[in-house]
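Shown next, in structure tokens, is the structure this report addresses.
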Amino acid sequence: MFDLIVIGGGVNGSGIARDAAMRGLSVVLLEREDFGVGASGNSSWMVHGGVRYLFSDPTVTRDSCRDSGYIQKIASHLIFRIPFLMPTVGGRPGGHLMDRGYLYGVESFLGVYDRYQPLKHGKQSVRLSAKEAYDIEPGLRRDIVGAATLDEYGIDAFRLCVLNGLAACEKGADIRTWTEVERLLRDGSGRVRGVLARDRLTGDVEEIEGKVTVNAAGAWSPRLAGRNGLSVKMRPGKGIHVVLDRKISNYGIISQAVDGRDVFIIPLETSSVIGTTDDDFYGDPGQIEVTNDEVSYLLEAIEHLLPEIRKARVIRTYAGVRPTLYEYGRNESDLSRDHAIVDHAAEGAPGMLSMVGGKLAAYRMMSEEAVDLVEDALGRPRSKCRTALEPLPGGAPPLPDPALLSEKYETPPWETERLVHRQGSRAEDVLVLTKDEPALRAPVCQCEGVLGAELVWCMRNEHVRRLSDLMRRCRLGHGPCGGTRCARTAATIFARERGLDAEAAMAELVDFLEGLWRFRRPALDGHQLAQEELARGIWLSSAGLDEPARGGCR
Amino acid sequence: MMTTSSDVLVVGGGMAGAVAALAAATRGRSVTLLRKAPGATALASGAIDLAPMGEQRHVTSVAVASATAGWLEAVASRSPSHPYCAVGPRGLALIGDAADMILGRLADAGLPHAPFDAKGRGHLVVDLTGKVRRVASAQASQKLEETEPGKRRIGVVRFRRHLSLDTGLTLAGLRAVFANVVPVEVDWPDEADGAFLLPVEIGRRLDDPRGRSALFKLLRTAVAGKRLTHLVLPPIAGLEHVSEVMRAVSDVTGTKAVETLGGEASLPGHRLDRALSRALEAAGVRLETNAHGASDGKLKRFPGAIVLASGRFIGGGLERRDRLRETIFDLPVDDGARPIKDEPLDVLTSRRGLGAHRVFRAGIRIDENLRPLDVGGKPFREGLFAAGSVIGGHDPQADFSGMGVAILTGYLAGLRAAEWKRS
Ligand SMILES: Cc1cc2nc3c(=O)[nH]c(=O)nc-3n(C[C@H](O)[C@H](O)[C@H](O)COP(=O)(O)OP(=O)(O)OC[C@H]3O[C@@H](n4cnc5c(N)ncnc54)[C@H](O)[C@@H]3O)c2cc1C
Ligand SMILES: Cc1cc2nc3c(=O)[nH]c(=O)nc-3n(C[C@H](O)[C@H](O)[C@H](O)COP(=O)(O)OP(=O)(O)OC[C@H]3O[C@@H](n4cnc5c(N)ncnc54)[C@H](O)[C@@H]3O)c2cc1C
Chain A
42 MFDLIVIGGG
52 VNGSGIARDA
62 AMRGLSVVLL
72 EREDFGVGAS
82 GNSSWMVHGG
92 VRYLFSDPTV
102 TRDSCRDSGY
112 IQKIASHLIF
122 RIPFLMPTVG
132 GRPGGHLMDR
142 GYLYGVESFL
152 GVYDRYQPLK
162 HGKQSVRLSA
172 KEAYDIEPGL
182 RRDIVGAATL
192 DEYGIDAFRL
202 CVLNGLAACE
212 KGADIRTWTE
222 VERLLRDGSG
232 RVRGVLARDR
242 LTGDVEEIEG
252 KVTVNAAGAW
262 SPRLAGRNGL
272 SVKMRPGKGI
282 HVVLDRKISN
292 YGIISQAVDG
302 RDVFIIPLET
312 SSVIGTTDDD
322 FYGDPGQIEV
332 TNDEVSYLLE
342 AIEHLLPEIR
352 KARVIRTYAG
362 VRPTLYEYGR
372 NESDLSRDHA
382 IVDHAAEGAP
392 GMLSMVGGKL
402 AAYRMMSEEA
412 VDLVEDALGR
422 PRSKCRTALE
432 PLPGGAPPLP
442 DPALLSEKYE
452 TPPWETERLV
462 HRQGSRAEDV
472 LVLTKDEPAL
482 RAPVCQCEGV
492 LGAELVWCMR
502 NEHVRRLSDL
512 MRRCRLGHGP
522 CGGTRCARTA
532 ATIFARERGL
542 DAEAAMAELV
552 DFLEGLWRFR
562 RPALDGHQLA
572 QEELARGIWL
582 SSAGLDEPAR
592 GGCR
Chain B
104 MMTTSSDVLV
114 VGGGMAGAVA
124 ALAAATRGRS
134 VTLLRKAPGA
144 TALASGAIDL
154 APMGEQRHVT
164 SVAVASATAG
174 WLEAVASRSP
184 SHPYCAVGPR
194 GLALIGDAAD
204 MILGRLADAG
214 LPHAPFDAKG
224 RGHLVVDLTG
234 KVRRVASAQA
244 SQKLEETEPG
254 KRRIGVVRFR
264 RHLSLDTGLT
274 LAGLRAVFAN
284 VVPVEVDWPD
294 EADGAFLLPV
304 EIGRRLDDPR
314 GRSALFKLLR
324 TAVAGKRLTH
334 LVLPPIAGLE
344 HVSEVMRAVS
354 DVTGTKAVET
364 LGGEASLPGH
374 RLDRALSRAL
384 EAAGVRLETN
394 AHGASDGKLK
404 RFPGAIVLAS
414 GRFIGGGLER
424 RDRLRETIFD
434 LPVDDGARPI
444 KDEPLDVLTS
454 RRGLGAHRVF
464 RAGIRIDENL
474 RPLDVGGKPF
484 REGLFAAGSV
494 IGGHDPQADF
504 SGMGVAILTG
514 YLAGLRAAEW
524 KRS
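So the protein lines, in turn, are chains A and B. Start counting at 1 in the first sequence, then tack on 41, and there's your number in our numbering. Start counting at 1 in the second sequence, then tack on 103, and there's your number in our numbering.
So this is what it looks like as structure tokens:
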């Protein structure tokens, strides 16, 4: 019997598991796939207040600005700064004055936002002339009248979830990925006494008992609750992103889509990410797909300011469903981003809470709030939350110097830098693996800079159950080659680590490649087709994957 | 840029273009071959598939002999849109001549291949994941010698200090097919950079007798006492001197050595590309490499016959920017059954990535004389012929007719171009 069962390994579920485990509760976390596969990992990765919510809901902005300051403290290695430009476009004869007026409007809007910048250590916004803007961002279209700057922070949200899960595990929590909650267990009085969970890789079904259950299943929550006669109200909003093969801009740039919504492009590692859309979505969040139209919508919005993007190659897309709080009638983008914690006792089902909404930046606070309520439900006094004080695994400063590590372990410098970004103060623990196995000094994924050692480390220490989990641990296969150069080697290492036979190893490889294909398919065009032809040649003619593989996920 | 004095101009330097140029040169024509860059041929595995040989794609038990003769015809009769069908039975009957010609030239250029036999059952090759299949031909170094099953004992070489050459999956896969498969672990001799060498760099080192001696010493020790009949290596056996390297490995280890097929950064593909260039030079074909490539405007002034062998997306013969098009003449493109224009990619592809997709069957249409057809189904232009993967209606991967199409249509287009006279 656990004190707490957490359903969902998104940022909220993993955040709760960590907080509860740190407070000494016995915890089990059940995730139907892998950390971050829902909204969290597929979000825009910004730990911001969201300028967009500034006027509709200032509390969201204030809270998340303060908490994004905390996140920078506990996961300093994962955070990166994203300076943004918001260019103002002129060019219409006679429209000049109006454009200027608009620019000042933008500026004073950002001025409000700036009040919160100190909370997250951001720089104050400034206004740039057109010339200044072209100096730092030469690719902008030629008729802008000026630009405002805005400072944001980004975080690898997959790893943020993983690290919360790892931290929970270090404090004794039981972490089970690829394990789906099929239904809730209720006793005669209606109390939720646990869940029925199925391990999707082994097929094993198990009853797991817990004093309190927290449903942090994101956009899946309404269905999960509904299947069990409970209700969670939500207005799920689907959002997609498009990834380009190269850095197009030096800064994040905010542009406007045909319908007036803000669309951004940010340079991320060696690529660019364009986001995002927001549309009502009432289907199964696990079956979400990206459409050709959504891709064009985003590309067109950015092309408007950065004509260069048409030369780039779209290498993949990704999609998630926002678990937005229920509120009818308003335009999707205006919906509140705030959160709620629902106690189902009111529906005759005590022992169960649902977490709805929230933002990446606010997950820690929201988890704190939820665990306070869990302790209430357990009938124990509220203990002190320490999640803002203790670093996440690898987040303890000082971060190691990549140059020194690369010299000491004879690993290539760029990959070692990426390793430090992902593993923080644990980077050296990873590199120590190369002492026994010098081959692990070589990069396996050249696009994302992943050393053999990092793969092996993740397989051994980060709850990797499937090859595809490595996409989320260290971006394996997320670069321009789409796994063409790395997947076979990674599968070989995985098979050896896990003692898989040929058939099981092939099933992992196929699952990995098909997972990437699913989100590459809607954006195939231009040079990507050549890349695809190459990949087909390799997988079908050189690696024997021309017969559907058996096994894998049930 | 272009010699107007040649009789025949070939656009494209992959397998199809090379075969066409050699066929036309054999008929005494002066030939210029124009190419932008290496294409799919230079990236391929080294195996030459012509058609599926046998019931199943992969051999699961080598004791069962697969079906023989007639597999090429079987493809033609099963899919009417396939180039094997388009060229007609008389064209198809020339496959033996075509294969003999190109394999002979490649052998002369230092890259011997397993002999082609239209009535035979093909040769066994081992791919990177240890799957075994029958192919029409392959580089001699890739042919797995068939021996009596009882005596067979296969060693799979793994270089411990080298990740991308890790043969773990090859070993596991081979074990599912054969009894008696054992690992042979070898430390790469060069500790400092062993982990970072590319296959091509390793190939170069092995070309050099001094470079390979250290490795061979280690190999000899590693196989000692294992009583192996075969030794499977990753695809690294030299860039230029593959026969010597393989002979030396066999001698040192007392086994029949074989390489797996090439994969990412395929050394066998690279080897093939170089050998094709040497064969073209030996036949007196003028090679012109020009990064901008040929365009309709430039080709218009050429008075002789033209062979279009520009490949697909890798080669650059096809391109899609909102609309799928043939890049030089803007010829109509179809998938063998239906025309393709600006359909969105979700219509042209299917859910299973490793499955079949319309967009990868796409290409131009030809008639029996290898002439590209216009929208009305008429020959597009006098003296224009097409060869290789720029032709639609087949998927080199999904219907396993890979290089076969390039060789057959290349040969036929080369002959037609050689015969052609302006009327
Ligand atoms: C396109 C997009 C962009 C966004 N951009 C940002 C941004 O830049 N900044 C920001 O702060 N926020 C952003 N958000 C919002 C933010 O991502 C979400 O609010 C937050 O991630 C919600 O976290 P969660 O843990 O509640 O849900 P999720 O991350 O969706 O987690 C739910 C998890 O539950 C699992 N699950 C579901 N059913 C079951 C079951 N039956 N059994 C076991 N497990 C189950 C799922 O697999 C999933 O992993 C964005 C969202 C989207 C969609
Ligand atoms: C990774 C991989 C593995 C494969 N494995 C196998 C296998 O195991 N067995 C098998 O049988 N087949 C295999 N294939 C398929 C086979 O390689 C191809 O079907 C075949 O090589 C196609 O040859 P091609 O000459 O038609 O095209 P390509 O080799 O692509 O040649 C096209 C040429 O045209 C040139 N060109 C294009 N446009 C212009 C222009 N405007 N001006 C000048 N030149 C131009 C290009 O530069 C290039 O030189 C594989 C393919 C790949 C990619």
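C-beta: ideal position from N, C-alpha, C; glycine also. Only a predicted model underlies this, so the values are computations on that prediction, with no experimental measurement involved.
Contacts around residue i, its chain only, beta-carbon distance under 7 Å, and the 5 residues preceding and following it disregarded
i, result
"MET127/A", "VAL147, ALA188, ALA189, LEU191 and ILE295"
"ARG595/A", "Since pLDDT at ARG595/A reaches only 40, below the 50 mark, its modelled position is unreliable, and the value read off the structure follows with that caveat. So the qualifying residues of the chain are ARG241 and GLY244."
"VAL397/A", "SER262, VAL273, MET275, PRO364, LEU366, HIS380, ALA381 and VAL383"
"ARG519/B", "ASN472, LEU473 and PHE488"
Own chain residues within Cβ distance below 6 Å of residue i, not counting five before or after
i, result
"VAL167/B", "At VAL167/B the pLDDT is 42, less than 50, meaning the model places this residue with poor confidence; the figure from the coordinates comes in the next sentence. Counting only Cβ-Cβ distances below 6 Å, and skipping sequence neighbours, we find nothing."
"ALA501/B", "ALA459"
"GLU343/B", "ASP310"
"GLY505/B", "ASP152 and PRO499"
"ILE216/A", "LEU70, GLY206, CYS210 and HIS504"
"GLU362/B", "SER244, GLN245, LEU336, PRO338 and ALA340"
"VAL609/A", "Outside the displayed span of chain A (42 to 595) sits residue 609/A, for which this structure offers no information."
"ALA212/B", "ALA378, ARG381 and ALA382"
"ARG562/A", "none"
Cβ distance (whole Å) where residue i is taken to contact residue j below 8 Å
i, j, result
"PRO441/A", "VAL461/A", "6 Å"
"LEU272/B", "ARG529/A", "7 Å"
"LEU370/B", "ILE409/B", "No, LEU370/B and ILE409/B are not in contact; Cβ-Cβ is about 33 Å, not under 8 Å."
"LEU476/B", "PHE483/B", "6 Å"
"GLY149/B", "GLY365/B", "5 Å"
Within chain B, partners of residue i - CB distance below 8 Å
i, result
"GLU495/A", "Correct list: empty, because the minimum Cβ distance to chain B is about 12 Å."
"GLU574/A", "ALA143, ARG415, PHE416, ILE417 and PHE463"
Cβ-based neighbour list, residue i, same chain, cut-off 8 Å, excluding 5 preceding and 5 following
i, result
"ASP449/B", "none"
"ARG501/A", "GLU538"
"SER398/B", "ILE431"
Amino acids of chain A, ordered along the chain, whose beta-carbon sits closer than 9 Å to that of residue i
i, result
"THR392/B", "Those within 9 Å of THR392/B in chain A number zero; the least Cβ separation is about 19 Å."
"VAL348/B", "In chain order: nothing, as chain A lies at least about 20 Å away."
"HIS265/B", "ALA480 and ALA483"
Residue i: contacting residues in chain A (beta-carbon distance under 7 Å)
i, result
"PRO447/B", "ASN333"
"GLU288/B", "Ordered by position in chain A, no residue passes the 7 Å Cβ test against GLU288/B, which lies about 12 Å from the chain."
"SER148/B", "SER582 and SER583"
"PHE299/B", "ALA483"
Interface partners of residue i on chain B, CB under 7 Å
i, result
"SER571/A", "According to the sequence provided, residue 571/A is Ala. The question's Ser does not apply to it. Here the neighbours are PHE416 and ILE417."
"MET500/A", "Ordered by position in chain B, no residue passes the 7 Å Cβ test against MET500/A, which lies about 14 Å from the chain."
"LEU419/A", "Within chain B, no residue comes near LEU419/A; the closest Cβ sits about 46 Å away, beyond 7 Å."
"THR358/A", "Within chain B, no residue comes near THR358/A; the closest Cβ sits about 12 Å away, beyond 7 Å."
"ASP542/A", "ALA275"
Closer than 9 Å at the beta carbon, the chain B residues around residue i
i, result
"TRP580/A", "GLY456, LEU457 and GLN500"
"LEU554/A", "GLY456 and LEU457"
"ARG459/A", "Near ARG459/A there are no residues of chain B at all, since even the closest Cβ is about 17 Å away, more than 9 Å."
"ALA536/A", "GLY271, LEU272 and ALA275"
"PRO364/A", "The contacting residues do not exist; PRO364/A stays about 27 Å from chain B at best."
Minimum length 3: unbroken beta strand (DSSP E) runs contained in the segment 313-348 of chain B: 333-336
Segments of 4+ residues assigned as alpha helix (DSSP H) that fall wholly inside the segment 511-581 of chain A: 528-539, 543-561 and 569-577
Segments of 4+ residues assigned as alpha helix (DSSP H) that fall wholly inside the segment 283-311 of chain B: 302-310
Ranges of the alpha helix (DSSP H) found wholly within the segment 403-448 of chain A, counting only runs of at least 4: If we require 4 residues or more, the alpha helix (DSSP H) runs fully inside the segment 403-448 of chain A come out as 404-419.
Uninterrupted alpha helix (DSSP H) stretches inside the segment 226-295 of chain A (no shorter than 4 residues): 262-268
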